[in-house]
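Asks:
Number of protein chains: 2
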Amino acid sequence: MLKAVGKQENLYEAVASEIREAILNGSLKMGDTLPNETELARQLAVSRPVIREALRYLQAQGLIKINRGTKGGAMVGRIDHLFLLESMADLIRLRQLTVDHLVQVRQFIEPEVFRLAAANATDEDLIDLENILDESYYEVNPDEKRDLTGQFHREVGRACGNPIYAALINRILDFTLAFVSTLKPTHLILHKDEDHRIILEALKNRDPDLAWKLALEHVNQINNQMKALETAWLTMAKEEKAGNG
Amino acid sequence: MLKAVGKQENLYEAVASEIREAILNGSLKMGDTLPNETELARQLAVSRPVIREALRYLQAQGLIKINRGTKGGAMVGRIDHLFLLESMADLIRLRQLTVDHLVQVRQFIEPEVFRLAAANATDEDLIDLENILDESYYEVNPDEKRDLTGQFHREVGRACGNPIYAALINRILDFTLAFVSTLKPTHLILHKDEDHRIILEALKNRDPDLAWKLALEHVNQINNQMKALETAWLTMAKEEKAGNG
DNA sequence: CCCTGTTTTTTTGGTTGACAAATACTAGCA
DNA sequence: TGCTAGTATTTGTCAACCAAAAAAACAGGG
Numbered sequence: 001m002l003k004a005v006g007k008q009e010n011l012y013e014a015v016a017s018e019i020r021e022a023i024l025n026g027s028l029k030m031g032d033t034l035p036n037e038t039e040l041a042r043q044l045a046v047s048r049p050v051i052r053e054a055l056r057y058l059q060a061q062g063l064i065k066i067n068r069g070t071k072g073g074a075m076v077g078r079i080d081h082l083f084l085l086e087s088m089a090d091l092i093r094l095r096q097l098t099v100d101h102l103v104q105v106r107q108f109i110e111p112e113v114f115r116l117a118a119a120n121a122t123d124e125d126l127i128d129l130e131n132i133l134d135e136s137y138y139e140v141n142p143d144e145k146r147d148l149t150g151q152f153h154r155e156v157g158r159a160c161g162n163p164i165y166a167a168l169i170n171r172i173l174d175f176t177l178a179f180v181s182t183l184k185p186t187h188l189i190l191h192k193d194e195d196h197r198i199i200l201e202a203l204k205n206r207d208p209d210l211a212w213k214l215a216l217e218h219v220n221q222i223n224n225q226m227k228a229l230e231t232a233w234l235t236m237a238k239e240e241k242a243g244n245g
Numbered sequence: 001m002l003k004a005v006g007k008q009e010n011l012y013e014a015v016a017s018e019i020r021e022a023i024l025n026g027s028l029k030m031g032d033t034l035p036n037e038t039e040l041a042r043q044l045a046v047s048r049p050v051i052r053e054a055l056r057y058l059q060a061q062g063l064i065k066i067n068r069g070t071k072g073g074a075m076v077g078r079i080d081h082l083f084l085l086e087s088m089a090d091l092i093r094l095r096q097l098t099v100d101h102l103v104q105v106r107q108f109i110e111p112e113v114f115r116l117a118a119a120n121a122t123d124e125d126l127i128d129l130e131n132i133l134d135e136s137y138y139e140v141n142p143d144e145k146r147d148l149t150g151q152f153h154r155e156v157g158r159a160c161g162n163p164i165y166a167a168l169i170n171r172i173l174d175f176t177l178a179f180v181s182t183l184k185p186t187h188l189i190l191h192k193d194e195d196h197r198i199i200l201e202a203l204k205n206r207d208p209d210l211a212w213k214l215a216l217e218h219v220n221q222i223n224n225q226m227k228a229l230e231t232a233w234l235t236m237a238k239e240e241k242a243g244n245g
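Note that the protein sequences, when read in sequence, are chains A and P. This note's numbering applies: residue 1 is where the first sequence begins, and numbers increase by one. This note's numbering applies: residue 1 is where the second sequence begins, and numbers increase by one.
(1) If you check the beta carbons only, do P:His153 and P:Leu173 fall under 7 Å apart?
(2) Are the Cβ atoms of A:Ala41 and A:Arg48 separated by less than 7 Å?
(3) By a C-beta neighbour count over all protein chains shown, 10 Å radius and 16 as the cutoff for buried, is A:Met226 buried or exposed?
(4) Are any of the Cβ atoms in chain A nearer than 7 Å to that of P:Pro49?
(5) A:Met30 by DSSP, collapsed to three states: which one?
(6) Compute the Euclidean distance between the alpha carbons of A:Ala54 and A:Met30, then round it to the nearest angstrom.
(7) Mapping the DSSP letters down to three states, classify P:Gly77 as helix, strand or coil.
(8) Is there a Cβ from chain P that is less than 7 Å from the Cβ of A:Leu97?
(9) Note the first and the last residue of the continuous beta strand (DSSP E) segment covering A:Asn131.
(10) When the cut-off is 7 Å and only beta carbons count, does A:Pro163 lie next to chain P?
(11) How many whole angstroms separate the CB atoms of P:Ile169 and P:Val113, which I take to be in contact at a CB cut-off of 8 Å?
(12) Please report the residue range of the beta strand (DSSP E) in which P:Lys145 lies.
(13) Does P:Met226 come within less than 7 Å of chain A when only Cβ atoms are used?
(14) So, at 8 Å on beta carbons, what are the nonlocal neighbours of A:Asn223 in its own chain, with the 5 sequence-adjacent residues on each side left out?
(15) Starting from P:Lys204 and walking both ways along the alpha helix (DSSP H), at which residues does that stretch end?
(16) Would you call the CB atoms of P:Leu203 and P:Ala118 closer than 7 Å?
(17) I need the straight-line Cα distance from P:Arg206 to A:Arg146, nearest angstrom please.
(18) Between A:His196 and chain P, is any beta-carbon pair separated by less than 7 Å?
(19) Leaving out the 5 sequence neighbours to the left and right, which residues in its chain are closer than 6 Å to A:Glu256 when beta-carbon positions are compared?
(20) Would a check of beta-carbon distances place A:Arg106 closer than 7 Å to chain P?
(21) Kindly say whether P:Glu21, judged by its beta-carbon, lies nearer than 7 Å to any beta-carbon of chain A.
(22) Strictly by DSSP, which residues pair up with A:Lys65?
(23) Could you tell me which of A:Glu9, A:Ala232 and A:Leu63 sits nearest to A:Glu21, measuring between CA atoms?
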């Protein structure tokens with residue numbers, strides 16, 4: 001059985017990963033400066049443009065700040081906001097972030113978002129939501145179905161009227177799907193179609209409190225499955241380790 | 001009176017801004033592909049490495065995806081999560097995000113974070129918080145003082161035990177300070193030292209409910225000042241426009 | 001001795017030109 | 001019809017070079 005080989009990494013990606021790991025595991029602390037570009041190029045045996053692209057990438061993510069001139073160079077910056085960037089899955093792996101953290105946020109945020117959506121969603125939003133559920137109903141591919149049910153949550157996030165919540169929901173779902181797909185429990189459907197139908201009814205009836213309550217129950221159920229999944233994963237990892245030792 | 005000239009923009013920044021604007025104002029829609037690198041270099045009259053650095057930057061922010069080969073190139077991706085990246089101030093300017101949105105999130109999140117902090121903060125965290133307040137008390141420079149009082153909120157975010165909340169708080173404060181500093185009302189101090197003292201007492205007494213209540217009042221007060229500031233800004237902008245026309 | 005303007009050095013910023021590798025399309029062949 | 005080899009397009013990578021900014025070192029005058 002062959003392992004799926006994710007499309008091969010570019011050099012700049014490798015360099016960026018190298019530096020990011022050094023920052024995340026603590027060998028590079030906040031305020032430290034990296035070697036200059038030519039030196040980095042020499043050490044990592046790549047050309048300077050590659051180094052520069054990697055640094056731009058890290059700069060865009062806010063991990064480093066770059067200054068010109070003597071005593072300039074790339075400096076490690078605040079990494080507090082890192083959790084909102086694309087590396088949530090990496091952070092779980094590095095034990096910086098746990099499923100509990102995510103579950104906690106989701107349990108608090110999502111019901112509120114559904115409450116707002118019940119108050120603020122336009123008629124078009126409600127039609128869109130209904131269409132998603134219909135599409136999901138007839139979908140047979142488990143992966144596609146999972147994407148569609150996730151799409152329902154994203155659409156509600158958009159419909160709630162506050163782009164910050166929408167962004168946060170999107171990030172949380174991105175991570176959730178990434179986490180689930182690394183474990184590949186192909187048959188597991190986190191979201192129940194019936195739950196979504198009932199919630200949509202509450203939204204249509206413009207009943208914020210009911211929407212809040214139903215969303216809370218729904219999210220709780222998803223969270224329980226996430227935790228169970230994590231437990232299973234940890235057990236599996238432990239057994240695998242025992243088997244190898 | 002001289003206008004403060006923010007440090008001058010690099011070419012790659014200019015290119016990235018150009019493309020970002022095109023995406024945000026809708027002339028480039030999701031799924032569209034940009035011209036290839038050499039063509040972009042020709043159109044914008046810069047070299048290809050500059051274009052590549054700009055594209056890397058945008059890629060890191062999740063605005064575009066890049067593929068190799070025929071029919072490859074830079075494609076505009078989902079921009080839903082954009083609000084969590086560093087361009088919050090840009091988005092306000094582009095009328096995609098309003099102060100109300102931010103205020104709404106802050107009003108909901110921060111009290112919860114303070115509640116968690118009352119339950120989870122370590123003794124060291126509490127000492128750190130006390131030190132920040134002491135330092136702030138003796139600070140005379142308004143800008144420095146504003147940074148320090150902001151630092152209090154960041155530290156509470158860290159102390160609440162959930163890095164996602166910490167990240168979110170950091171982003172919100174980054175934006176708040178950026179917004180306030182563009183208006184440059186030098187004498188305005190959003191945060192009251194006394195409020196922070198009282199809240200810290202609640203944290204020390206491990207009283208989550210009181211911490212929640214006090215934080216809510218405190219945040220409400222800050223939010224009111226933010227809205228007043230926005231109103232003043234809009235009025236000013238309108239008058240300026242009338243003056244020019 | 002201190003202050004001030006100039007020069008030097010270090011480091012990122014930017015350009016040019018060339019070649020390698022990946023991908024999609026196409027034409028040719030069985 | 002279906003597969004295969006080639007071809008065009010586009011990003012990926014390299015090398016060498018000069019420009020510009022910023023800090024440090026230096027020089028000159030009070």
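In this text, a Cβ means the ideal position worked out from N, Cα and C, and glycines have one as well. Note that the structure is predicted; figures quoted are calculated from it, not measured.
Replies: By the coordinates alone:
(1) Yes, the pair counts as a contact, with Cβ atoms nearer than the cut-off.
(2) Against a cut-off of 7 Å, the Cβ pair of A:Arg48 and A:Ala41 comes out as a contact.
(3) buried
(4) yes
(5) It is coil, neither helix nor strand.
(6) 18 Å
(7) coil
(8) yes
(9) Segment Asp123 to Tyr138 is the alpha helix (DSSP H) holding A:Asn131; no beta strand (DSSP E) there.
(10) yes
(11) With 8 Å as the limit, P:Ile169 and P:Val113 qualify as a contact, their Cβ atoms being about 6 Å apart.
(12) That residue, P:Lys145, is in no beta strand (DSSP E); its alpha helix (DSSP H) goes Pro142 to Ala159.
(13) Judged by the 7 Å Cβ criterion, P:Met226 is not in contact with chain A.
(14) Val103, Arg106 and Gln107
(15) Boundaries of the alpha helix (DSSP H) harbouring P:Lys204: Asp193 to Lys204, taken from the DSSP string.
(16) yes
(17) 42 Å
(18) No, A:His196 does not count as interfacial toward chain P.
(19) A question about residue 256 of chain A goes unanswered here, because the residues of chain A that appear run from 1 up to 245.
(20) By this cut-off, A:Arg106 is not an interface position.
(21) no
(22) A:Met75
(23) A:Leu63
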